[in-house]
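Scroll down for the structure; my scribbles are underneath it.
There are 2 protein chains.
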Amino acid sequence: MKNLPPLKSLQVFLYAAQNNSFKAAAEKLFVTQAAVSQQIRLLEENLKCQLFDRDSKQTRLNAKGKLLIPYIEQAFEQIAHGINAVAFEPSANELRITAIHSVTSLLLIPQINNFQMDNPELSIQFSPNNKLESFKELDVDIAIRRGLGDYPGLESRKLIDDSIILVASPLILQGCLQDMQSIINLPLLEDTSSDIQEAIDDFCSTYKIKRSELTSKLKTTDSVPLIQNALAGQGITFVSKILVAEHLRSGNLVNVLDYAFETPNTLYLVAPEHHFHWGKIQKFEKWLTNLLKSDPL
Amino acid sequence: MKNLPPLKSLQVFLYAAQNNSFKAAAEKLFVTQAAVSQQIRLLEENLKCQLFDRDSKQTRLNAKGKLLIPYIEQAFEQIAHGINAVAFEPSANELRITAIHSVTSLLLIPQINNFQMDNPELSIQFSPNNKLESFKELDVDIAIRRGLGDYPGLESRKLIDDSIILVASPLILQGCLQDMQSIINLPLLEDTSSDIQEAIDDFCSTYKIKRSELTSKLKTTDSVPLIQNALAGQGITFVSKILVAEHLRSGNLVNVLDYAFETPNTLYLVAPEHHFHWGKIQKFEKWLTNLLKSDPL
DNA sequence: AACAACACTTAAGATTTTCTAATGTCATGA
DNA sequence: TCATGACATTAGAAAATCTTAAGTGTTGTT
């Protein structure tokens, strides 16, 4: 950590190297080309070695320069991230979360009290919303989405692996023989989302039954009413295991036939990259990850 | 990358934070404490937020400061590594390697030509040496050692996982029935190093034979003469698989009984941390890792 | 309560670093 | 040969950074 060269000269070096031209670097730094030339010379004198080859027509990084660049590049990236983390964090004591409807009501609302208690200074706001609109329009800090994690231009971090399971209320199961035939005769509360449909197809082929043998009672893309109907003993339904974890633990719902379909569609935290450096987001991510990881089911 | 705060102020901030004191930081930076105070103020103004709490007896980092520190710490570490890589690389066109005797003669010497051809500017020197003396005394760039990778004060990087196998020349095997009894009746060329001894004990217990049933013909801690004797058909020997890989491939030695003892003792590259940032070391590490990884045995 | 000790802040001016402007060098291509 | 483009060099201007010296607030001592 001692005897570092002038830090400014390193910054100039980075620009010069990235542009392969002193002149271009000078323009981007809003200084004259002479200033760049001097800073590079200064750095080279300090390190006692050349960093650019100037012998022929074009100035190019030489071997030593190429070795140095990745270190300097990373260092300045780190600094920029740090600055983003503390300086450009808007309303550091407000946390605006947008999540799909089901996650908000089944996971976040029931559990958020623990987080709120650990972070009393934070004012937490939810925007239940199934569409992932532009972060700029929405003015939210972080989104929770179900999907494959491919959100162009945004950083996404997988929260947990998920599977689709078949659940029903113990109420409805008591009234029927619990063999395959009785179960598929129960009304199906059907989620028409593509990943759930995939699971239903898999279920049918696994147990060698025809899709037409299942009789659908309710069709929607929103898990919340499906789960509520299932709780009320209205039928069986295929749902994300994470969303019903709490109901399984309490016994209000049970996993029927121990069927599970591993789906690549799962929960992701999604936001522009620099949001993840904010203090409030780091706290929220840590809390949510722990919550889902410690889930004993 | 735009609009970074003055880099000097970040450096001062780092010192102040690490010492929890402006005065201590000032001393380490060889400036007055007033200068530190001003730099910190400058940074705080630039970021438009406080980084230290000054209200009570001691100046301490506050939440924002604690969030920023790891970024700045890492950034300056990166810079220091980069500087070490290019500036303090002594004799960049000489590569001095110290390795244990067996590695030098069985692995390095036979293969080094490929490396030399890719890096004609490098003058390569070997110091076969089984003792790991201080790097300062020895004046070598890098060491290759067999062990567990615990070299206090030095960075060590595992090259490959190893196992101890039982080998013999096809010459000697032709002349005997290849059953267990015939094999253990062959003379044992015995490596008395502790990891090999462990393998021999494991071998005996695996095949339920008494240690005394093996008759030792040669005892040494150096694998080279053992392997040479084995090649000449003088007996069987337990050796590191890596060291005889070439002989196994060519058929000069064969793996007897397909016995293998997974040992935690294996090859490590060892050097002071900053050596690993030198261009010549990075090239050598890359080449050696590839060589061992691509080893088809 | 008065006072010294300590750590940090602030302001003014000195010092050092970094910049610009002007000019020089060298290679390239019309 | 001459114009052009990219970088180097220099002197002096501008800016950033430092020191000195005085000020603030807290702590501990007498």
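From first to last, the protein sequence lines are chains L and V.
The numbers in my numbering rise by one with no breaks, and the one at position 196 of the first sequence is 196.
The numbers in my numbering rise by one with no breaks, and the one at position 209 of the second sequence is 1209.
Ideal Cβ positions, reconstructed from N, Cα and C, are used throughout, including at glycine.
All figures in this text were calculated on a predicted structure; none of them were measured in a lab.
Going along chain V in order, which residues have a C-beta closer than 7 Å to the C-beta of Gly82 of chain L? In the first sequence, residue 82 of chain L corresponds to position 82, counting from 1. The answer, in chain order, is Leu1068, Tyr1071, Ile1072.
Would you say Leu1231 of chain V lies against chain L (beta-carbon separation less than 8 Å)? Translated into positions along the second sequence, residue 1231 of chain V becomes position 231. So no, Leu1231 of chain V is outside the interface.
For Val1239 of chain V, the first and last residue of its enclosing beta strand (DSSP E): Taking the second sequence and counting its residues from 1, the one referred to as residue 1239 of chain V is at position 239. From DSSP, the beta strand (DSSP E) with Val1239 of chain V extends over 1236 to 1240.
Can you give me the C-alpha to C-alpha distance between Leu1218 of chain V and Glu1190 of chain V, rounded to a whole angstrom? Sequence index remark: in the second sequence, residue 1218 of chain V carries index 218 (1-based). Sequence index remark: in the second sequence, residue 1190 of chain V carries index 190 (1-based). When rounded, the distance between both Cα atoms is 6 Å.
Using the rule of at least 16 other Cβ atoms within 10 Å of the residue's Cβ for burial, across every protein chain shown, is Ile1109 of chain V buried or exposed? Here residue 1109 of chain V corresponds to residue number 109 of the second sequence, with the count starting at 1. Ile1109 of chain V comes out exposed.
Should Gly279 of chain L be flagged as near chain V, meaning a C-beta pair shorter than 8 Å? Position 279 of the first sequence holds residue 279 of chain L. Yes, contact with chain V.
Using the C-alpha atoms, what's the distance from Leu1214 of chain V back to Asn1185 of chain V? The count along the second sequence starts at 1 and reaches residue 1185 of chain V at position 185. The count along the second sequence starts at 1 and reaches residue 1214 of chain V at position 214. So the alpha carbons of these two residues sit roughly 7 Å apart.
Since Arg1211 of chain V is in the beta strand (DSSP E), which residue starts that stretch and which ends it? Translated into positions along the second sequence, residue 1211 of chain V becomes position 211. Run containing Arg1211 of chain V: none; DSSP gives neither H nor E here.
Contacts of Leu1061 of chain V in chain L (Cβ-Cβ under 8 Å): Numbered from 1 along the second sequence, position 61 holds the residue referred to as residue 1061 of chain V. Neighbours of Leu1061 of chain V on chain L: none; closest Cβ ~11 Å, over 8 Å.
Shorter than 8 Å from the beta carbon of Gln11 of chain L to some beta carbon of chain V? Taking the first residue of the first sequence as position 1, residue 11 of chain L is located at position 11. Yes, because at least one Cβ of chain V sits closer than 8 Å to the Cβ of Gln11 of chain L.
Alpha carbon to alpha carbon, what distance is there between Ile1079 of chain V and Val1244 of chain V? The count along the second sequence starts at 1 and reaches residue 1244 of chain V at position 244. The count along the second sequence starts at 1 and reaches residue 1079 of chain V at position 79. Whole-angstrom Cα-Cα distance: 42 Å.
Quick check on the burial criterion: 16 or more other C-beta atoms within 10 angstroms. Buried or exposed for Tyr207 of chain L? Within the first sequence, numbered from 1, the residue matching residue 207 of chain L stands at position 207. Exposed, by the Cβ-count rule.
Hey, does Ala87 of chain L have any beta-carbon neighbour from chain V nearer than 8 Å? Counting from one through the first sequence, the residue named residue 87 of chain L turns up at place 87. By this cut-off, Ala87 of chain L is an interface position.
Could you give the C-beta distance for Ile1144 of chain V and Ile1100 of chain V, rounded to a whole number, given that I count them as a contact under 8 Å? In the second sequence, residue 1144 of chain V corresponds to position 144, counting from 1. In the second sequence, residue 1100 of chain V corresponds to position 100, counting from 1. Going by Cβ atoms, the distance from Ile1144 of chain V to Ile1100 of chain V rounds to 7 Å, so yes, they are a contact pair.
Using the beta-carbon of each residue, which ones in chain L are nearer than 7 Å to Gln1078 of chain V? Along the second sequence, one-based indexing puts residue 1078 of chain V at 78. What Gln1078 of chain V touches in chain L: Tyr71, Gln74, Ala75, Gln78.
Please name the residue in V:Ala1092, V:Ser1156, V:Lys1008 whose C-alpha comes closest to that of Lys302 of chain L. Absent from the structure is residue 302 of chain L, since the part of chain L shown begins at 1 and ends at 297.
Opposite Ile164 of chain L in the DSSP bridges: which residues? One-based indexing of the first sequence puts residue 164 of chain L at position 164. In the DSSP output, where bridge partners are listed per residue, Ile164 of chain L has L:Ser240, L:Phe261.
Listed by chain order, chain V residues near Leu47 of chain L by CB distance under 8 Å: Taking the first sequence and counting its residues from 1, the one referred to as residue 47 of chain L is at position 47. Per Cβ cutoff of 8 Å: Ile1083, Val1086, Ala1087.
Any chance the segment 80 to 87 of chain L sits against the segment 112 to 121 of chain L, with 3 or more Cβ pairs inside 8 Å? no
Since I believe Asn1255 of chain V is in contact with Ile1165 of chain V (beta carbons under 8 Å), could you give me their beta-carbon distance rounded to a whole number of angstroms? The residue given as residue 1165 of chain V occupies position 165 in the second sequence. The residue given as residue 1255 of chain V occupies position 255 in the second sequence. At roughly 5 Å, the Cβ-Cβ gap stays under 8 Å, so Ile1165 of chain V and Asn1255 of chain V are in contact.
Given Asn119 of chain L, which residues of its chain have a CB within under 7 Å of its CB, disregarding the five upstream and five downstream residues? Here the question's residue 119 of chain L lines up with position 119 in the first sequence. Excluding positions up to five away in sequence, the list reads Lys283.
Is there a Cβ of chain V sitting closer than 8 Å to that of Pro5 of chain L, yes or no? The residue given as residue 5 of chain L occupies position 5 in the first sequence. Chain V, which has a Cβ nearer than 8 Å to the Cβ of Pro5 of chain L, makes this yes.
Whole-Å CB distance - Tyr15 of chain L paired with Leu29 of chain L, under 8 Å assumed: Position 15 of the first sequence, counted from the first residue, corresponds to residue 15 of chain L. Position 29 of the first sequence, counted from the first residue, corresponds to residue 29 of chain L. With a Cβ gap of about 6 Å, Tyr15 of chain L and Leu29 of chain L count as contacting.
Going along chain L, which residues have a C-beta under 7 Å from Lys1008 of chain V? Walking along the second sequence from the start, residue 1008 of chain V turns up at place 8. The contacting residues are Leu7.
Strictly under 8 Å for the Cβ-Cβ distance: is Lys1064 of chain V near chain L by that measure? On the second sequence, position 64 is the one that residue 1064 of chain V refers to. Yes, Lys1064 of chain V counts as interfacial toward chain L.
Within 10 angstroms of the Cβ of Ala1026 of chain V, are there 16 or more other Cβ atoms? Answer buried if so, exposed if not. Working through the second sequence from its first residue, we reach residue 1026 of chain V at position 26. Per the 10 Å Cβ criterion, buried.
Please state the DSSP three-state secondary structure of Thr1289 of chain V. Start at 1 with the first residue of the second sequence, and residue 1289 of chain V comes out as number 289. Correct three-state label for Thr1289 of chain V: helix.
Classification of Ser1205 of chain V by the beta-carbon crowding that lies within 10 angstroms, buried from 16 upward: Numbered from its first residue, the second sequence carries residue 1205 of chain V at position 205. Its Cβ having fewer than 16 others within 10 Å, Ser1205 of chain V is exposed.
Bridge partners for Val1254 of chain V per DSSP, in chain order? Taking the second sequence and counting its residues from 1, one reaches residue 1254 of chain V at position 254. Val1254 of chain V is bridged to V:Ala1168.
Tell me where the beta strand (DSSP E) around Ile142 of chain L begins and ends. Here residue 142 of chain L is taken as the residue at index 142 of the first sequence, counted from 1. Run containing Ile142 of chain L: 142 to 147, per the beta strand (DSSP E) assignment.
Ala168 of chain L beta carbon less than 8 Å from that of Ala87 of chain L: Working through the first sequence from its first residue, we reach residue 87 of chain L at position 87. Working through the first sequence from its first residue, we reach residue 168 of chain L at position 168. Contact flag unset, no.
Simplified DSSP state of Cys1266 of chain V, which is helix, strand or coil: Position 266 of the second sequence, counted from the first residue, corresponds to residue 1266 of chain V. According to the sequence shown, residue 1266 of chain V is Thr rather than Cys. It is a strand residue.
Of the residues V:Asp1195, V:Gly1279, V:Ser1294, V:Leu1291, which one's Cα is nearest the Cα of Leu1122 of chain V? In the second sequence, the residue the question calls residue 1122 of chain V occupies position 122. The shortest Cα separation from Leu1122 of chain V among V:Asp1195, V:Gly1279, V:Ser1294, V:Leu1291 belongs to V:Gly1279.
Can the beta-carbon of Ile1242 of chain V be found less than 8 Å from the beta-carbon of Leu1226 of chain V? Here residue 1242 of chain V is taken as the residue at index 242 of the second sequence, counted from 1. Here residue 1226 of chain V is taken as the residue at index 226 of the second sequence, counted from 1. For Ile1242 of chain V and Leu1226 of chain V, no; Cβs fall outside 8 Å.
Measure from the alpha carbon of Leu1042 of chain V to the alpha carbon of each residue in V:Leu1106, V:Ser1009, V:Arg1157, then state which is nearest. The residue labelled residue 1042 of chain V in the question sits at position 42 within the second sequence. For the residues V:Leu1106, V:Ser1009, V:Arg1157, the minimum Cα distance to Leu1042 of chain V belongs to V:Ser1009.
Which of the three DSSP states, helix, strand or coil, is assigned to Thr1104 of chain V? As a working note, residue 1104 of chain V is residue 104 in the second sequence. Three-state result, Thr1104 of chain V: helix.
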